[in-house]
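> Just so you know, the sequence shown maps onto residues 885 to 1016 in this note's numbering.
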Amino acid sequence: MTKRSTRSANARGRLRRFFLTCRWTLLWALVATGSYATAAWSEGPRPLTERLRERLRVRLEATDPARFEARGDRLHATAALASFYERRGYAPAWVGDGGPLALLGELITALDGAEREGLRPDDYHRRALAAV
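(1) How about Tyr974 and Arg935: are their beta carbons less than 8 angstroms apart?
(2) Pair every Cβ in the segment 964–971 with every Cβ in the segment 944–954, then say whether three or more of these pairs are closer than 8 angstroms.
(3) So, helix, strand or coil for Arg1010, using DSSP?
(4) For the alpha helix (DSSP H) holding Tyr969, just list the boundary residues, first then last.
(5) Look at Arg1004 and Ile992 and say whether their C-beta atoms are less than 8 angstroms apart.
(6) Quick check on the burial criterion: 16 or more other C-beta atoms within 10 angstroms. Buried or exposed for Ala986?
(7) Is the distance from the Cβ of Val1016 to the Cβ of Leu995 below 8 angstroms?
(8) Can you list, in chain order, the residues of its chain whose CB lies under 8 angstroms from that of Glu953, leaving out five sequence neighbours each side?
Next comes the structure, spelled out in structure tokens:
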């Protein structure tokens, strides 16, 4: 194997790890906040994203990251989840005032193909995401 092909393989490996990290972060963001969308829709005239923003901030600031759960499932990578939403000003990443964004469908599609990468969709709470 030449140096060039080794570098190319290493770059592909780093890129794959980067995309997997992005998927994990987005997945945990979706699962961790999924139950809040339903409750926020019923709260009244304020825009949905504004209501969700406040709920996300309160939940993430009040929860011990080592014990973070969503829909009864313990979540991992919670420090990344809190950091993700903090950088966004706690703005929802997957839902707008009109409901779920296309991004949620894209994530579910990506999870459906996770087995090709040696991953199990259920490890990423695929069913819970589809229920949003």
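By construction, the Cβ of each residue, glycine as well, lies at the ideal position given by its N, Cα and C atoms.
Looking at the coordinates:
(1) Counted from its first residue, the sequence shown places residue 974 at position 90. Counted from its first residue, the sequence shown places residue 935 at position 51. In this structure, Arg935 does not lie closer than 8 angstroms to Tyr974 by Cβ.
(2) yes
(3) As a first step, residue 1010 is located in the sequence shown; it is residue number 126 there, counting from the start. It is helical.
(4) Here residue 969 refers to the residue found at position 85 when the sequence shown is read from its first residue. 962–971 is the extent of the alpha helix (DSSP H) around Tyr969.
(5) On the sequence shown, residue 1004 is found 120 positions in, with the first residue counted as 1. On the sequence shown, residue 992 is found 108 positions in, with the first residue counted as 1. No; because the gap between Cβ atoms is not below 8 angstroms, this pair is not in contact.
(6) Here the question's residue 986 lines up with position 102 in the sequence shown. Exposed: under 16 other Cβ atoms inside 10 Å.
(7) Taking the sequence shown and counting its residues from 1, one reaches residue 1016 at position 132. Taking the sequence shown and counting its residues from 1, one reaches residue 995 at position 111. No, the Cβ-Cβ distance between Val1016 and Leu995 is not below 8 angstroms.
(8) Within the sequence shown, numbered from 1, the residue matching residue 953 stands at position 69. Counting only Cβ-Cβ distances below 8 angstroms, and skipping sequence neighbours, we find Leu959.
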